[in-house]
Amino acid sequence: MIRNSAAEMAAKLNAGDITSVELTQLHLDRIASVDTDVHAFLYVNNEGALAQAAEVDAKRAAGEKLSPLAGVPLALKDVMTQKGVPTTCGSKILEGWRPPYDSTVVTNLKKNGIVILGKTNMDEFAMGSSTENSAYGPTHNPWDLSRIPGGSGGGSSAALAAFEAPLAIGTDTGGSIRQPAAVTGTVGVKPTYGGVSRFGLVAFSSSLDQAGPCARTVLDAALLHEAIAGHDPKDSTSINAPVPQVVAAAKSGDVKGMKIGVVKELNGEGYQSGVRSRFEESLELLAAAGAEIVEVSAPNFEYALAAYYLIAPSECSSNLARFDAMRYGLRVGDVDGASAESVMNLTREVGFGREVKRRIILGTYALSSGYYDAYYGSAQKVRTLITQDFNNAFEKCDVMVSPTCPTTAFKIGEKSNDPIAMYLNDIATIPVNMAGIGGMSLPAGLAPEDGLPVGFQIMAPAMQDDRMYLVGAALEAALLSKWGAPLLSKIPALAGA
Ligand code: GLN
Numbered sequence: 056m057i058r059n060s061a062a063e064m065a066a067k068l069n070a071g072d073i074t075s076v077e078l079t080q081l082h083l084d085r086i087a088s089v090d091t092d093v094h095a096f097l098y099v100n101n102e103g104a105l106a107q108a109a110e111v112d113a114k115r116a117a118g119e120k121l122s123p124l125a126g127v128p129l130a131l132k133d134v135m136t137q138k139g140v141p142t143t144c145g146s147k148i149l150e151g152w153r154p155p156y157d158s159t160v161v162t163n164l165k166k167n168g169i170v171i172l173g174k175t176n177m178d179e180f181a182m183g184s185s186t187e188n189s190a191y192g193p194t195h196n197p198w199d200l201s202r203i204p205g206g207s208g209g210g211s212s213a214a215l216a217a218f219e220a221p222l223a224i225g226t227d228t229g230g231s232i233r234q235p236a237a238v239t240g241t242v243g244v245k246p247t248y249g250g251v252s253r254f255g256l257v258a259f260s261s262s263l264d265q266a267g268p269c270a271r272t273v274l275d276a277a278l279l280h281e282a283i284a285g286h287d288p289k290d291s292t293s294i295n296a297p298v299p300q301v302v303a304a305a306k307s308g309d310v311k312g313m314k315i316g317v318v319k320e321l322n323g324e325g326y327q328s329g330v331r332s333r334f335e336e337s338l339e340l341l342a343a344a345g346a347e348i349v350e351v352s353a354p355n356f357e358y359a360l361a362a363y364y365l366i367a368p369s370e371c372s373s374n375l376a377r378f379d380a381m382r383y384g385l386r387v388g389d390v391d392g393a394s395a396e397s398v399m400n401l402t403r404e405v406g407f408g409r410e411v412k413r414r415i416i417l418g419t420y421a422l423s424s425g426y427y428d429a430y431y432g433s434a435q436k437v438r439t440l441i442t443q444d445f446n447n448a449f450e451k452c453d454v455m456v457s458p459t460c461p462t463t464a465f466k467i468g469e470k471s472n473d474p475i476a477m478y479l480n481d482i483a484t485i486p487v488n489m490a491g492i493g494g495m496s497l498p499a500g501l502a503p504e505d506g507l508p509v510g511f512q513i514m515a516p517a518m519q520d521d522r523m524y525l526v527g528a529a530l531e532a533a534l535l536s537k538w539g540a541p542l543l544s545k546i547p548a549l550a551g552a
């Protein structure tokens with residue numbers, strides 16, 4: 056049962072083959088048996104999840120009309136507030152904090168009867184590409200426990216790949232939904248900026264942050280996308296327009312006549328050979344399904360990474376000022392006679408990890424009066440150029456595609472002392488965030504040289520998120536008939552399972 060897709064689980068719930076309480080318990084049992092090895096979860100909410108499930112079962116028994124995913128369990132990235140449930144963002148500074156309110160994503164999940172199993176591990180404040188920056192220890196990739204599950208949302212993707220949850224929520228500022236999806240053989244979608252409310256998403260870089268669905272199939276991601284998306288007056292950047300019809304697109308998967316633009320700059324040197332061969336093979340399958348493959352160029356993408364590492368740290372240096380030892384979680388050095396400033400300094404010294412401090416320093420510098428124009432100002436100009444590159448390319452194609460990341464999952468510890476090597480993981484995912492458009496990663500198979508999952512990225516113009524699901528569903532179907540079974544059926548069994 057736990058290996059089914061969320062849509063299949065929903066069908067079984069509807070048919071009365073299983074109750075939500077039973078389904079939730081199966082997942083809680085699975086977490087209890089494998090998560091000591093995987094460490095996808097920071098907090099498992101046994102009681103809360105079962106209570107939520109019982110509520111859905113009661114409604115179903117009473118004949119109430121329920122939403123499509125009602126009763127299906129989900130794992131929530133620990134950057135989203137859920138009332139009364141610990142929310143740490145992978146940081147010591149928030150240890151012990153229980154938010155007094157639900158994020159809008161959580162409100163929407165609850166409204167749809169989706170059962171929240173617990174909170175998943177992440178790089179501290181979503182800064183990282185490996186989940187090694189979590190103050191609570193790394194998450195392990197279920198394909199190979201000595202490897203990273205991607206980041207920052209490695210906990211969410213690992214939970215999917217380890218069959219601890221069929222659905223998860225991630226957030227993507229520079230790739231944190233798509234890169235973990237790629238290296239764990241799962242599906243992850245960053246919706247158009249503003250498509251999903253940021254209310255209750257603890258801010259890293261507000262102009263880039265976006266929550267989105269993580270799942271094992273394209274249809275499951277679409278169902279979750281529709282459950283969490285929509286206008287929210289509590290988020291001033293939320294889009295006030297109908298949600299794109301992503302479920303219909305995922306069910307159709309008809310790409311006949313669609314133009315698919317291969318980004319010249321995101322598919323060459325620096326990409327692992329198996330990543331490139333799986334990417335090429337996916338293009339052939341899409342062509343066989345009736346799409347036209349064209350080449351497009353985005354000359355300014357080469358500046359995206361540098362500009363991102365000015366904009367994101369700048370916004371983070373401002374956003375993280377709120378962790379002042381007074382309002383949330385940790386407080387250090389609060390002894391008689393201690394000044395507020397010394398308590399603040401000590402708390403931030405102890406509470407923040409190295410990467411967070413590095414970014415705060417970088418961002419503070421980039422925003423300082425003498426350097427603002429040279430650094431932050433230039434980065435914003437690059438952002439405009441990247442948006443123009445996308446606009447130009449989308450005149451020649453309906454979606455753009457690339458490998459999601461240059462390599463498969465690397466070893467835990469391999470890049471942790473080399474920030475630039477770590478940052479390079481996001482070379483192909485960052486342009487999407489800079490332009491505020493949508494991006495999806497889905498599994499394209501295993502790299503022959505190491506047997507690890509490869510991600511295929513699809514990018515669509517703003518508000519046209521349905522196009523990613525159309526192409527994603529077509530590729531998924533073609534790959535499925537080639538493989539004969541979903542990619543995750545090839546995952547090695549975990550100890551304890
Ligand atoms: N890896 C990128 C970073 O470290 C992106 C993180 C994210 O999307 N939250 O900033």
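Counting from 56, one number per residue, gives the positions in the sequence shown under the working numbering.
Where a beta carbon is used, it is the ideal one built from N, C-alpha and C, also for glycine.
Computed from a predicted model, the values in this text were never measured in an experiment.
- Under a 10 Å Cβ-count criterion, GLU504 is classified as exposed, with fewer than 16 other Cβ atoms of the shown protein chains found around its own Cβ.
- Annotation for TYR383 indicates a beta carbon at 8 Å or more from all heavy atoms of the ligand GLN.
- Rounded to the nearest whole angstrom, the CA to CA distance from ALA125 to ASP133 is 22 Å.
- The shortest CA-to-CA distance from ASN295 to any of GLU531, LEU542, MET518 is the one to MET518.
- Per DSSP, LEU263 lies in no beta strand (DSSP E) segment and is marked neither H nor E.
- Judged by pairs of C-beta atoms under 8 Å, the segment 297-306 touches the segment 266-286, as three or more such pairs exist.
- When rounded, the separation of the alpha-carbon atoms in GLY308 and ALA529 is 5 Å.
- Closest in alpha carbon position to LYS319, among PHE445, ALA548, SER88, TYR191, is PHE445.
- As computed with DSSP, PRO128 is found in a beta bridge with VAL170.
- Under the 10 Å beta carbon count, SER291 is surrounded by fewer than 16 other beta carbons and is classified as exposed.
- A residue is called buried when at least 16 other Cβ atoms come within 10 angstroms of its Cβ; LEU535 does not meet this threshold and is exposed.
- Beta-bridge analysis with DSSP links LEU222 to LEU129, ALA270.
- If you check the CB distance, PRO155 and LYS138 come in under 9 Å.
- Between the alpha carbons of SER207 and ASP178 lies a distance of about 5 Å.
- Counting only the Cα atoms, THR247 lies some 30 Å from PHE407.
- MET182 has its CB nearer than 8 Å to a heavy atom of the ligand GLN.
- In the pairwise beta carbon analysis, the segment 381-392 is classified as not touching the segment 427-434: fewer than three pairs are separated by under 8 Å.
- The closest heavy atom of the ligand GLN lies less than 8 Å from the beta carbon of PHE259.
- For a cut-off of 8 Å, the C-beta gap from MET477 to SER185 is around 7 Å, short enough to register as a contact.
- The Cβ-Cβ distance between LEU321 and PRO204 does not fall below 9 Å.
- In this structure, the C-beta of TYR248 stays at least 8 Å away from each heavy atom of the ligand GLN.
- For PHE511, the three-state secondary structure derived from DSSP is strand.
- Sixteen is the threshold: when 16 or more other Cβ atoms of the shown chains lie within 10 Å of the Cβ of ILE485, as they do, the residue is buried.
- In this structure, SER293 has its CB at a distance of at least 8 Å from all heavy atoms of the ligand GLN.
- Within the segment 57-85, the runs of alpha helix (DSSP H) that reach at least 4 residues and sit entirely inside it are, in chain order, 61-70.
- Straight through space, the alpha carbons of SER293 and ASP520 are spaced by roughly 15 Å.
- DSSP lists no beta-bridge partner residue for ARG115.
- In this structure, the CA atom of ALA284 is about 10 Å from the CA atom of LEU278.
- Restricting attention to beta strand (DSSP E) runs no shorter than 3 residues, the segment 290-358 encloses them at 314-318, 347-351, ordered along the chain.
- In the DSSP assignment, VAL387 is bridged to no other residue.
- ARG202 carries a strand assignment under DSSP once its states are collapsed to helix, strand and coil.
- The DSSP-derived three-state label of MET381 is coil.
- Residue environment for ARG377: exposed (fewer than 16 other C-beta atoms within 10 angstroms of its C-beta).
- Pairwise C-beta distances place the segment 233-252 out of contact with the segment 105-114, as fewer than three of them are shorter than 8 Å.
- Between the segment 187-194 and the segment 140-147 there are three or more C-beta pairs closer than 8 Å, enough to call the two in contact.
- If the five residues before and after PHE511 are omitted, its C-beta is found closer than 6 Å to the C-beta atoms of SER337, LEU497, ALA499, all from its own chain and listed in chain order.
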